[in-house]
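Note sheet for the following structure.
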Amino acid sequence: MSDIRSFSIADTPSLMVDIEVMEGNLDDMQRKADSFGVKLRPHVKTHRSVALAKMQIERGASGITVAKLTEADVMAEGGVDDIFVANEIVGNIKLERLAEIRRKVRRMAVAVDHMDHISILNGRFKDPDRPLEVLLDVNTGDPRTGVEPGPEALDLARSVWESPGLSLRGIYTHDGQSYDVEGWEGIIEVNRNSQQAVIDLAKTIKDHGISCEEVSVGSTPSLLLGEILPGVTEIRPGTYIFMDADQANVLGSYDRCALSVFATVISRPTRDRVVLDAGTKALTYYVQDKGICRTPGHGVLKRYPSIHLNRKSDEHSSFDIPSDMDVDFHIGERLEIIPNHACPTVNLYDSIYGVKGGEVVALWPVSCRGCSR
Ligand SMILES: Cc1ncc(COP(=O)(O)O)c(C=O)c1O
């Protein structure tokens, strides 16, 4: 923790976290994992901060999930010793980096969803005394990576099992389609189907004599609402730590949004229009255009959540004061904006100010900022 004491020292745009709200989010998800008897392995792509990853581990997380090897490297250097890279590792540069990071940590695993990944990894990692742990990436409805949960998945599991340098830790899925469906019922159904698909696959794999210890699931919308089914062993939410406008739409409230972009009113060109010094370089271009998480604008004013930013360019954003609202904004006034999506927003900043009781009491480096390789 730094000894920063005054909120006013923060220039704009900058990134703020309400520490009490964030701690509440951390505690709620850890409690959920504990109550269902599963491990929590948070995805740290949301905060990209060693300090916050350690806070998650101190509260009970079993390790972390990352998307990129460079994130893994920074986290390993920072002392995090159990890392799952939920991504396929391709190319010699990355293989060498993986081997190097693995030497620094107690436990590390990577994803595969194709025979080529298995033969590439098996060609590089040959030590049967310290096999590289692998999780099978399974597609349960989010059309990104992931093998379909059928016979091909069983073939991949068998192939990992038979590779002397590899060890099958288990299978995982990310039900990112939970962001796009309508209503709570839609999320709960996506979540249940996604979990059931990997539970069934794990059973098939085990029925064929192949060990499959981990069944790992999760996205924040589904973990906010859904039950965790017996057979699941691990959850991997990321965004839950901060929440954002996407998740507020799921929850029906902005109360759990811990993250905001602090911006200054720099111009009032008309009676209605209010212009801020935070554009796409401070808030990203992200707009969720469908489903329960749909975000109607480019960010939400924390103090007046019915007001959305309705224009954004590189360095500016603006909103119109609704005609039925008796409020005004003056040049120099500072406002907090809840971003539509926390994860890419955080990556735009070097550090995050932690705020408690209206005072800045912490400054956390975004240690993995720009770690996209
Ligand atoms: C593989 C994987 N696991 C977990 C997550 C966490 O999802 P969320 O940010 O909805 O919590 C993500 C997010 O992209 C992901 O890609």
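Read left to right, the sequence shown gives residues 1 to 373 (the UniProt record's numbering).
Glycine included, every Cβ here is placed at the ideal spot set by N, Cα and C.
Answer yes or no: does any C-beta atom of chain D fall closer than 8 Å to that of L52?
-> Protein chain content of the structure displayed is limited to a single chain, and chain D is not contained in it.
Taking 7 Å as the cut-off, is the CB of S219 close to at least one heavy atom of ligand 1?
-> yes
Curious, which full-length alpha helix (DSSP H) runs of at least 4 residues does the stretch 178–261 contain?
-> 183–207, 220–225 and 245–251
Nearest-angstrom Cα separation, counted from D127 out to L166 = Here the alpha carbon of L166 sits roughly 8 Å from the alpha carbon of D127.
Under the three-state reduction of DSSP, which class applies to T264: helix, strand or coil?
-> strand
Put L309 into one of helix, strand or coil per three-state DSSP.
-> coil
Can you tell me where the alpha helix (DSSP H) with D116 in it begins and where it stops?
-> First-last of the alpha helix (DSSP H) with D116: M115 to R124.
Please confirm whether H298 and K312 have their CB atoms less than 8 Å apart.
-> Against a cut-off of 8 Å, the Cβ pair of K312 and H298 comes out as a contact.
Measure from the alpha carbon of M108 to the alpha carbon of each residue in I120, R124, D73 and N139, then state which is nearest.
-> D73
Consult DSSP for W364 and reduce its assignment to one of helix, strand or coil.
-> strand
Distance, L168 Cα to K206 Cα | 11 Å
Comparing the CB of R236 with every heavy atom of ligand 1, is any distance shorter than 7 Å?
-> yes
Would DSSP call V327 helix, strand or coil?
-> coil
Counting only the same chain and skipping the five closest in sequence on each side, list residues whose C-beta sits under 8 Å from that of K94.
-> L69 and R373
Rounded separation between D246 and K302 - CA only | 14 Å
Roughly how many angstroms lie between the CA atoms of T295 and E23, to the nearest whole one?
-> If you draw a straight line from the Cα of T295 to the Cα of E23, it is about 25 Å long.
Answer with buried or exposed for R5, where buried requires no fewer than 16 other C-beta atoms within 10 angstroms of its C-beta.
-> With a pLDDT of 46 at R5, under the threshold of 50, the predicted position of this residue should be treated as unreliable, though the coordinate-derived value follows. Flag for R5 reads exposed.
Going by the C-beta, is T46 closer than 7 Å to any heavy atom of ligand 1?
-> yes
If you measure from the CB of T233, is any heavy atom of ligand 1 nearer than 7 Å?
-> Taking non-hydrogen atoms of ligand 1 into account, the C-beta of T233 is found less than 7 Å away from none of them.
Would you please state the rounded distance, in angstroms, between the beta carbons of Y286 and H341? I believe it to be under 8 Å.
-> The C-beta distance from Y286 to H341 rounds to 4 Å, short enough to meet the 8 Å contact threshold.
Around the C-beta of V346, are 16 or more other C-beta atoms found within 10 angstroms, so that it is buried, or is it exposed?
-> buried
Under a three-way DSSP split, which group does R5 fall into?
-> Reliability of the predicted coordinates at R5 is poor, the pLDDT of 46 falling under 50, and no value is obtained from them.
Looking at the structure shown, is D18 part of a helix, part of a strand, or coil, going by DSSP?
-> The answer is strand: DSSP assigns D18 an E or B state.
Just the Cα atoms here: how many angstroms apart are E185 and V21?
-> 26 Å
Give a yes or no on contact between the stretch 358–366 and the stretch 317–334, applying the rule of three or more CB pairs nearer than 8 Å.
-> no
Complete runs of the beta strand (DSSP E) confined to the stretch 33–67 [at least 3 residues] = 64–66
N122, buried or exposed, once every other Cβ within 10 Å from all chains shown has been counted against 16 = buried
Same chain only: Cβ atoms within 8 Å of P42, ignoring 5 sequence neighbours per side = M29, A53, Q56, A61, I64, T65, R236, P237, G238, Y240 and I241
Sort out for me which residues DSSP pairs E359 with in a bridge.
-> K356
Collapsed DSSP secondary structure at S163 in the structure displayed = coil
Sort G354, M115 and S159 by Cα distance to V261 and report the nearest one.
-> G354
Identify every residue that forms a DSSP beta bridge with R158.
-> Answer is none; R158 lacks a bridge partner.
Whether D137 touches G146 by CB criterion (8 Å) | yes
At which residues does the alpha helix (DSSP H) containing E336 begin and terminate?
-> No alpha helix (DSSP H) holds E336; the beta strand (DSSP E) holding it covers R334 to I338.
Helix, strand or coil for R31, going by three-state DSSP, please let me know.
-> In this structure, DSSP gives R31 a helical state, which the three-state scheme calls helix.
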